[in-house]
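**Student:** Sequence positions in the sequence shown follow this note's numbering and run 1350 to 2010.
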Amino acid sequence: MEQQAEAAADARIDEEDIRLTSGFADIFTAILLVVGGILLASLAGFAGGMAIVGAAFLLGGPLVARRRFAAAGNVLAIGSALGTGVTLGGVLGLAVLIPVALVCYGFWTVHRVPLALALVWAAGAGLITGSDVLLSIDRPQAVAAGRALVAGLLLFGAGMWYDSHDRLRQTRLTDVAFWLHLGAAPLLVHGFFSLSGAGSFGDSEHVRPIFVLTTFAVLAAISLLIDRRPLLASSFVYLVAATYSLIRAASASANIGERELAAAMAPAVIGVLLLLLAAAWTPLRGLMLRALPQDLARHLPPPAQRTAPAPEQSAGIPAQEAEPVRLVLGFNDFFVALGAASLFVGSIFVGVELVLVLSGGVFANRFGPGYTPGDVVAGVDTAIRLFWIPIALPALAMWLVAEYFVRIRRMAWPAIVSAFAFSQTSLALGIYAAGAWWYAQRREEIADAVTAHSGFLPQPSAPQALVLVIAACLIAALASLAFWWRHRVPVSFALALAALLPLAFAPELSRLLSGDQQAFAGLAGQGRLIVCGLAVFAIAMAWDRSDPARTTPRSDTAFWVHLLAGLLVIPAAFLLLPGSPAGQAMVLLGFAALTALAVAIDRRAPLVIALPFLAKALSGLVGDPAGPILTLVVLAALLALVLRWDRARGWLLANLGVATA
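1) For the alpha helix (DSSP H) holding residue 1833, just list the boundary residues, first then last.
2) Which partner residues does residue 1366 have in the DSSP bridge list?
3) Whole-angstrom Cβ separation of residue 1882 and residue 1914, contact assumed at under 8 Å?
4) Is the distance from the Cβ of residue 1837 to the Cβ of residue 1897 below 7 Å?
5) How is residue 1890 classed by DSSP in three states: helix, strand or coil?
6) Can you name, in chain order, every residue of its own chain whose Cβ lies under 7 Å from the Cβ of residue 1682, other than the five neighbours on each side?
7) According to DSSP, is residue 1399 helix, strand or coil?
8) Quick one: grab the DSSP three-state call for residue 1644.
9) Could you tell me whether the segment 1682-1702 touches the segment 1929-1943, where touching means 3 or more Cβ pairs closer than 8 Å?
10) Could you tell me how far apart the beta carbons of residue 1431 and residue 1412 are, in whole angstroms, since I believe they sit closer than 8 Å?
11) When you compare each of 1382, 1366 and 1373 to residue 1988 by their alpha carbons, which one comes out closest?
12) Within the chosen definition, does the segment 1731-1748 reach the segment 1808-1826 through at least 3 CB pairs nearer than 8 Å?
13) How many Å lie between residue 1570 and residue 1368 at the Cα?
14) Using the three-state DSSP reduction, which class does residue 1669 fall into: helix, strand or coil?
15) For residue 2015, does the count of other Cβ atoms within 10 angstroms reach 16, so buried, or fall short, so exposed?
16) Going by other Cβ atoms of all chains shown within 10 Å of its Cβ, with 16 needed for buried, is residue 1478 buried or exposed?
17) Quick check on the DSSP output: the alpha helix (DSSP H) that includes residue 1857 runs from which residue to which?
18) On the three-state DSSP scale, how would you describe residue 1650?
19) Under a three-way DSSP split, which group does residue 1705 fall into?
20) Tell me whether the beta-carbon of residue 1421 lies closer than 7 Å to the beta-carbon of residue 1378.
21) Going straight from the alpha carbon of residue 1589 to that of residue 1686, what length do you get?
22) Which of the three DSSP states, helix, strand or coil, is assigned to residue 1717?
23) Quick one: residues in its chain with C-beta nearer than 6 Å to the C-beta of residue 1908, no 5 flanking neighbours on either side, listed in chain order?
24) Of all the beta strand (DSSP E) runs that stay within the bounds of the segment 1416-1444, which reach a length of 3 or more residues?
25) Buried or exposed: residue 1982, going by 16 or more other Cβ atoms within 10 Å of its Cβ?
26) Please confirm whether residue 1530 and residue 1461 have their CB atoms less than 7 Å apart.
27) Among 1534, 1492 and 1491, which one has its Cα closest to the Cα of residue 1509?
28) Report back the beta-carbon spacing between residue 1833 and residue 1809 to the nearest angstrom; my notes put them in contact at under 8 Å.
29) Where do the ends of the alpha helix (DSSP H) carrying residue 1618 lie?
30) Rounding to the nearest angstrom, what Cα-Cα distance links residue 1649 and residue 1574 in this structure?
31) Drop a sphere of 10 angstroms on the beta-carbon of residue 1514, count the other beta-carbons inside from all chains shown, and report buried for 16 or more, exposed for fewer.
32) Run through DSSP, which three-state label would residue 1376 get?
33) Taking the straight line between their C-alpha atoms, what separation do you get for residue 1692 and residue 1572?
34) Roughly how many angstroms lie between the CA atoms of residue 1992 and residue 1928, to the nearest whole one?
35) What's the C-alpha gap between residue 1669 and residue 1749?
36) Rounding to the nearest angstrom, what Cα-Cα distance links residue 1429 and residue 1453 in this structure?
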C-alpha cells in the first residue's frame, strides 16, 4: 500500500500541482472576501486595516480548517498582510515589513496556509533589499534591477530549501516552495535582463537575441532539474522579442512581405516550443537526472513514471456543497495555456501574412494611389478566396493542442483556453462562410456598381440577410459542438449555446444587414435575453439532473451553462427595472429570491453575477456611505450562508417538500 501511495504521488510530480481552488464554492467565497475587504478598507481607513487582519484570523478557522477552501485561504493570507500594511505603513515606512512578516507567520502557524509562509519570506527579502546601502550603483534603474535580482535570489533559495524537504511534493511545504518560486521568477528574470542590457521587458528594438535565447536555454535546464516552470513563464516576453528580432534579421534580404511573414511567426514558434517542452517534460527530466551525480540527483524530485488526472476536489467536503469544477490543477496548466495562447495569436498573424504574400501584393497595389474599379473587385475576390487561411490556422492549432493536452493529459485550464479560442475561430468561420456565399450570389452586381462609380453597393435582401445570420450562427455553434464532442470540454457546450443567441434577434439583424438603420429601434431586447436565459437555465438543470452527485464532467457542463444563463437573465432583468426607489427595492427582493434559488439548486454563479447590481441598488436606495455599509452587511450574511450552506439547503428543500438523498 505504501508503494502504491508513493507511485500515485510520483504520477503528479511533474505536473507541478498546487491547490488554488477546491471548487466554485471556494471561488465564490474568495470573491466575497475580496469585495468585503475593499469596502472595509475604504470605509474605515486605519481601523479598517485592523478589522481586515482580525477578520482574516477569525474566518480562517471555518473556511480553511473546516471547509479547506484554498482560494479563500489565500485571500485571507493576503488580507492579513495588506491589512497590517494599511494600518502601520504610514507610521513605520519600510519597517512595516517586520510586523507584516510577524502577522503572516502567525497566520501560517494558526491556519497552515502555504502562501502566508511565503509572504513571510517575501517581506524579509523586501526588507533586506529595500536599502540603498545594499547596492552602490549610480543609475536608479540599475539599483532597482539589482534589488530585484537579490530579492529573487533570496526567494529562490528559500524555495529550493523547502523543495529539498519534500521531494515527492506531498506536504504543504511544496505549496510554500511553489509560491516562493512564483515570486522569485519575475524578480530574477527581469532583474537579470535589465542589468544585462537585454532590453526592458523584451524590447525587440534593443534585445540581444542570442544572449536571450542562451539565457532561456539555461533557465530551461534549471527549470527541468528543479521541476519548476515559473522561470520559463517569466522569461516568455523576452523570448518572443528575441525570436522576433532573430527571424527578422535572418530574413533581412527578403522582400518586405516575406520578412513580415517570417517575423509574424515568432509567437507561433514560441508557442510550439513551449508546448513541445511541456509534452516532453518528464522524459527530458529523466535524461538530465540520470546524467547528474547520484548525490545531487537524490535531492531533486524524481521524474514521474506516468501521468494521472489530478483529484477533482479535496477530501472532506461533499461534492454538491463544494460545487466542483475543473479550472486549474497546477502551474503546468498555466504553462501549457501560455504556450497555447501564444500559438493561437501567432497562427493568426501567420495566416494574415500568408494572405498578403499569396495575394501577390494585391492589397498594397490595388488599393494604393491610382487604383481602378477593377482593382477593387480583384482585391475583394482575393480576400474572399484567401481569408479562410487566418481562420483555419488558429482553429487547427487549437484542435491539435486539445488532441494531446486535453484528450490525453486531461488538463483543465488549457482545455478552457483552447475551447474559447476555437469558439472565436468558429464565429469567424461562420461569418466568413456566410459572407462568401452572399458575395458569390451578388458578385456581378457589386462589380457593375463599382465600375459605374455609382457609390451604391448592393446589399442583401431581407431573406438573404436572414439566411446569412442563421448560417453564421449555426456554423459557429456546430463547430463548438464538434469541439465539445471530440474533446469533452464542458465550456464548449455553453459556447455553442452562446453562438445561437443572435438567432433571437435574427429579424432585426437581417433588416440591419439589408440597410435598415432603424432595425433595432424600440426593440425590447432585455425581454428576449431573459427568455433565452430561461431556456438556457432549463438546459443547465437537465445537465444537473443527469449527474446529481456531481462526479462526472456533466457537472462541469452544467456549471458553464448556468453561468451563461445568469449572464443573460440577471443584467437584462436589472435593466428592465425602473431607477426609482421602488425599482431598487425590487432588486433587493429579486436578490433574496435569487439566493433562495441558488441554495435550492446548489449553484452560486447567479449570486456572483448579481452582486454588482445589488451594490448599485443599495447605494441608490440609501445613498453613501450607508450603501457600502449595507453591502458589507449583505456580504457578511452571504459568508454566514457559505458556512451553513448545507444546512440552509436541507432546510429549504425540506420546507419545499423536496426529498433529498
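No residue lacks a Cβ here, since even glycine has one placed at the ideal position from N, Cα and C.
Small disclaimer: the values here were computed from a predicted structure and weren't measured.
**Tutor:** Short version:
1) Residue 1833 sits at position 484 when you count from the first residue of the sequence shown. Counting along the chain, residue 1833 sits inside the alpha helix (DSSP H) bounded by residues 1811-1836.
2) Position 17 of the sequence shown, counted from the start, is the residue given in the question as residue 1366. The secondary-structure analysis by DSSP pairs residue 1366 across a beta bridge with 1679.
3) Translated into the one-based positions of the sequence shown, residue 1882 becomes position 533. Translated into the one-based positions of the sequence shown, residue 1914 becomes position 565. Taking a contact as a CB-CB distance under 8 Å, the pair residue 1882 and residue 1914 counts as one, their CB atoms being some 5 Å apart.
4) Position 488 of the sequence shown, counting from 1, holds the residue named residue 1837. Position 548 of the sequence shown, counting from 1, holds the residue named residue 1897. Taking 7 Å as the Cβ cut-off, residue 1837 and residue 1897 do not qualify as a contacting pair.
5) Sequence index remark: in the sequence shown, residue 1890 carries index 541 (1-based). Residue 1890: helix per DSSP, three-state reduction.
6) As a working mapping, residue 1682 is identified with position 333 in the sequence shown. Contacts found: 1760, 1761, 1762 and 1763.
7) Position 50 of the sequence shown holds residue 1399. Helix at residue 1399.
8) Mapped onto the sequence shown, residue 1644 falls at position 295. The three-state secondary structure of residue 1644, taken from DSSP, is helix.
9) Judged by Cβ distances under 8 Å, the segment 1682-1702 makes no contact with the segment 1929-1943, as fewer than three pairs qualify.
10) Residue 1431 sits at position 82 when you count from the first residue of the sequence shown. Residue 1412 sits at position 63 when you count from the first residue of the sequence shown. That pair is no contact at about 17 Å.
11) Within the sequence shown, residue 1988 is the residue found at index 639, counting from 1. Of the candidates 1382, 1366 and 1373, the residue whose Cα lies closest to the Cα of residue 1988 is 1382.
12) no
13) To locate residue 1570, count along the sequence shown from 1; it is residue 221. To locate residue 1368, count along the sequence shown from 1; it is residue 19. Roughly 26 Å separates the two Cα atoms.
14) Taking the sequence shown and counting its residues from 1, the one referred to as residue 1669 is at position 320. Caution applies to residue 1669, whose pLDDT of 48 falls short of 50 and renders its modelled position unreliable; the model cannot decide the point.
15) One cannot answer for residue 2015 here, as it falls past the ends of the chain, which runs 1350 to 2010.
16) Numbered from 1 along the sequence shown, position 129 holds the residue referred to as residue 1478. Residue 1478 should be labelled buried.
17) Looking up residue 1857 in the sequence shown gives position 508. Taken as a continuous stretch (DSSP letters only), the alpha helix (DSSP H) holding residue 1857 covers 1855-1862.
18) Stepping through the sequence shown from its first residue, residue 1650 is reached at position 301. Three-state result, residue 1650: coil.
19) Start at 1 with the first residue of the sequence shown, and residue 1705 comes out as number 356. In this structure, residue 1705 counts as helix in the three-state DSSP scheme.
20) Position 72 of the sequence shown, counted from the start, is the residue given in the question as residue 1421. Position 29 of the sequence shown, counted from the start, is the residue given in the question as residue 1378. For residue 1421 and residue 1378, yes; Cβs fall inside 7 Å.
21) Counting from 1 along the sequence shown, the entry for residue 1589 is found at position 240. Counting from 1 along the sequence shown, the entry for residue 1686 is found at position 337. About 16 Å.
22) The residue labelled residue 1717 in the question sits at position 368 within the sequence shown. With a pLDDT of only 49 at residue 1717, under 50, the local geometry of the prediction cannot be trusted, and the value read off the model is given with reservation. Correct three-state label for residue 1717: coil.
23) Stepping through the sequence shown from its first residue, residue 1908 is reached at position 559. Result list for residue 1908: 1674, in chain order.
24) Under the rule that a run must span 3 or more residues, no beta strand (DSSP E) segment is found entirely inside the segment 1416-1444.
25) Residue mapping note: residue 1982 aligns to position 633 of the sequence shown, counting from 1. Label assigned to residue 1982: exposed.
26) Locating residue 1530 in the sequence shown gives position 181, counting from the first residue. Locating residue 1461 in the sequence shown gives position 112, counting from the first residue. In this structure, residue 1461 does not lie closer than 7 Å to residue 1530 by Cβ.
27) Your numbering for residue 1509 matches position 160 in the sequence shown. Cα-wise, what sits closest to residue 1509 is 1534.
28) What you label residue 1833 is simply residue 484 of the sequence shown in a count that begins at 1. What you label residue 1809 is simply residue 460 of the sequence shown in a count that begins at 1. Residue 1833 to residue 1809, Cβ: 31 Å. No contact.
29) Numbered from its first residue, the sequence shown carries residue 1618 at position 269. Taken as a continuous stretch (DSSP letters only), the alpha helix (DSSP H) holding residue 1618 covers 1615-1628.
30) Stepping through the sequence shown from its first residue, residue 1649 is reached at position 300. Stepping through the sequence shown from its first residue, residue 1574 is reached at position 225. Spanning the two alpha carbons is a distance of roughly 7 Å.
31) Here residue 1514 refers to the residue found at position 165 of the sequence shown. Looking at its Cβ environment, which holds fewer than 16 other Cβ atoms inside 10 Å, residue 1514 is exposed.
32) By 1-based counting over the sequence shown, the position of residue 1376 is 27. Reduced to three states, the DSSP call for residue 1376 is helix.
33) Stepping through the sequence shown from its first residue, residue 1692 is reached at position 343. Stepping through the sequence shown from its first residue, residue 1572 is reached at position 223. One C-alpha to the other measures close to 22 Å.
34) Counted from its first residue, the sequence shown places residue 1992 at position 643. Counted from its first residue, the sequence shown places residue 1928 at position 579. Their backbone Cα atoms lie some 34 Å apart in a straight line.
35) For the purposes of this step, residue 1669 is taken as the residue at position 320 of the sequence shown. For the purposes of this step, residue 1749 is taken as the residue at position 400 of the sequence shown. Only weak support is given to the placement of residue 1669: the predicted model assigns it a pLDDT of 48, under 50, and the value that follows is read from those uncertain coordinates. If you take the alpha carbons of residue 1669 and residue 1749, they lie about 34 Å apart.
36) Position 80 of the sequence shown, counted from the start, is the residue given in the question as residue 1429. Position 104 of the sequence shown, counted from the start, is the residue given in the question as residue 1453. Roughly 7 Å separates the two Cα atoms.
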